[in-house]
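K.L.:
Per the numbering used here, residue 6 is the first one in the sequence shown, and the count goes up by one each step.
Even glycine gets a Cβ: it sits at the ideal position worked out from N, Cα and C.
Predicted model only: the values in this text are computed from it and were never measured.
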Amino acid sequence: MRRGKAIIFVVVLVFLVNFTIGSGDVEPDVQERNSAVKLIRPNKLPSPNSKIVGGMDTDIARYPYQLSVRLDGQHVCGASIISANYALSAAHCFVREILEGVKEVTVVSGSTYLDNGGTSSKIRSIISHPNYSNRTNEFDIAVLRMADPFVFNERVAAIALPQSGAQPSAGTDAVVTGWGLLQSGAQNVPNTLQLGRVKVADFRRCRRSYFFRVRTKLTGRMICAGNEITDSCQGDSGGPLAANNVQIGIVSFGAGCATPGLPGVYTNLGDPSIRSWISENTNSL
Ligand code: ARG
6 MRRGKAIIFV
16 VVLVFLVNFT
26 IGSGDVEPDV
36 QERNSAVKLI
46 RPNKLPSPNS
56 KIVGGMDTDI
66 ARYPYQLSVR
76 LDGQHVCGAS
86 IISANYALSA
96 AHCFVREILE
106 GVKEVTVVSG
116 STYLDNGGTS
126 SKIRSIISHP
136 NYSNRTNEFD
146 IAVLRMADPF
156 VFNERVAAIA
166 LPQSGAQPSA
176 GTDAVVTGWG
186 LLQSGAQNVP
196 NTLQLGRVKV
206 ADFRRCRRSY
216 FFRVRTKLTG
226 RMICAGNEIT
236 DSCQGDSGGP
246 LAANNVQIGI
256 VSFGAGCATP
266 GLPGVYTNLG
276 DPSIRSWISE
286 NTNSL
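1. Leaving out five residues on either side along the sequence, give the residues of the same chain with a beta carbon under 7 Å from the beta carbon of E285.
2. Quick check on DSSP: helix, strand or coil for P245?
3. When burial is assigned at 16 or more other CB atoms within 10 Å of the CB, is N249 buried or exposed?
4. Taking the DSSP output, what are the residues bridged to D62?
5. Among all the DSSP beta bridges, which residues are the ones paired with S214?
6. Exposed or buried, S214, counting other C-beta atoms within 10 Å across all chains shown (16 or more means buried)?
7. Starting from S284, trace the alpha helix (DSSP H) in both directions and tell me its first and last residue.
8. Does the distance between the C-beta of V256 and the nearest non-hydrogen atom of the ligand ARG fall short of 7 Å?
9. Does the segment 142-158 touch the segment 202-220, meaning 3 or more C-beta pairs lie closer than 8 Å?
10. Do you know offhand how far C229's Cα is from W184's?
11. With DSSP as the reference, label C238 as helix, strand or coil.
12. When we look at the beta-carbon of M227 and count the other beta-carbons within 10 Å, is it buried (16 or more) or exposed?
13. Decide yes or no for the touch test of the segment 111-129 against the segment 237-255: beta carbon pairs closer than 8 Å, at least 3 of them.
14. Are there any heavy atoms of the ligand MN lying less than 7 Å away from the beta-carbon of C211, as far as the coordinates show?
15. Unbroken beta strand (DSSP E) runs of length 3 or more, entirely within the segment 82-148: which are they?
16. Pick out whichever of S237, T63 and G275 has its Cα sitting closest to the Cα of A260.
17. How about D62: is its Cβ closer than 7 Å to a heavy atom in the ligand ARG?
18. Can the beta-carbon of V270 be found closer than 8 Å to that of A95?
19. Give the straight-line distance between the Cα atoms of P181 and S138, rounded to the nearest whole angstrom.
20. How long is the line joining the alpha carbons of N142 and R67, rounded to whole angstroms?
21. Just how far apart, CA to CA, sit I253 and G275?
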């Protein structure tokens with residue numbers, strides 16, 4: 006079966022991140038995106054670092070807002086239902102390089118498994134944040150407007166958004182869900198929806214670590230969560246980070262997955278500029 010370009014991208018990113026971790030110099034995956042294609046070395050697979058992402062199987066009925074984003078039928082990212090007509094995902098899932106040659110973008114709702122069940126829905130338009138930058142990964146957010154409204158049931162439902170300015174404090178219990186890799190460098194995404202219990206990390210500390218260890222600047226449009234045991238990973242991007250049944254983040258980037266001292270980075274939905282942009286692009290959600 007012929008693999009989509011997007012999947013090759015994601016797989017190559019995983020290679021890169023693992024190589025750089027191996028050499029003791031961790032590079033954040035987002036910044037390698039553009040150079041990724043040149044560096045593929047199919048015969049030199051990175052040794053898996055055995056750091057599983059620490060999640061467990063779950064059921065869509067417990068996280069009915071979870072979506073799988075499909076490019077020509079292939080899972081590439083997560084997303085979340087925020088109303089009958091809109092879903093939320095990450096802008097980096099829909100950049101030109103990833104959409105190149107893709108005929109159809111759909112989301113699948115209501116299924117625990119990637120390979121069967123659920124309902125596939127067409128997207129009318131993808132609205133990426135105009136200030137999204139794939140260099141800094143600022144404003145990594147996209148609103149998906151559905152061609153037809155979701156039909157809600159016990160496996161398909163919307164998640165609430167935070168109030169503008171609401172900032173989760175360090176230590177807040179949160180849940181990240183998705184079909185992303187179970188470990189950095191894994192070759193295949195799992196078929197069963199995974200849930201990871203993570204805590205919101207201290208932001209200043211996270212920002213310091215990213216700055217000094219991987220020369221990456223975090224901003225107020227980002228929050229950190231997870232640790233060396235549990236973290237999101239490639240394929241989870243665009244998916245929801247939720248606390249108390251409110252979506253507080255979108256899976257955005259990291260330095261490898263579950264790398265000690267470098268938590269996952271999420272788009273901060275409580276940031277006023279992010280929150281108001283969602284309202285403006287969804288008929289005031
Ligand atoms: N950028 C990744 C994706 O496209 C998500 C990585 C999240 N990484 C992390 N360590 N939390 O799927």
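P.N.:
Short version:
1. Once the five neighbours on either side are set aside, E285 has no close Cβ partner at all.
2. Three-state DSSP puts P245 in a strand.
3. When all chains shown are included, N249 counts as exposed.
4. Paired residues: Q199.
5. Looking at the DSSP assignment, S214 forms no beta bridge with any residue, so it has no partner.
6. Buried.
7. That run of the alpha helix (DSSP H) goes P277 to E285.
8. Flag set: Cβ of V256 near the ligand ARG.
9. Because the criterion of three Cβ pairs below 8 Å is not met, the segment 202-220 and the segment 142-158 do not touch.
10. About 20 Å.
11. In the structure shown, C238 sits in coil (DSSP, three-state: anything other than H, G, I, E or B).
12. By the neighbour-count rule (16 or more Cβ atoms within 10 Å), M227 is buried.
13. With a cut-off of 8 Å, the segment 237-255 and the segment 111-129 do not count as touching, because too few Cβ pairs lie within range.
14. As presented, the structure is devoid of the ligand MN, carrying the ligand ARG as its sole ligands.
15. The segment 82-148 contains, as complete beta strand (DSSP E) runs of 3+ residues, the segments 91-94, 110-114 and 124-133 (chain order).
16. Checking every option, the nearest Cα to that of A260 belongs to S237.
17. Answer for D62: no, Cβ out of range of the ligand ARG.
18. Using a Cβ distance threshold of 8 Å, V270 and A95 do not count as a contacting pair.
19. Contrary to the premise, residue 181 reads as Val rather than Pro in this sequence. For the pair V181 and S138, the Cα-to-Cα distance works out to about 24 Å.
20. C-alpha separation (whole angstroms): 30 Å.
21. The alpha-carbon separation between I253 and G275 amounts to approximately 7 Å.
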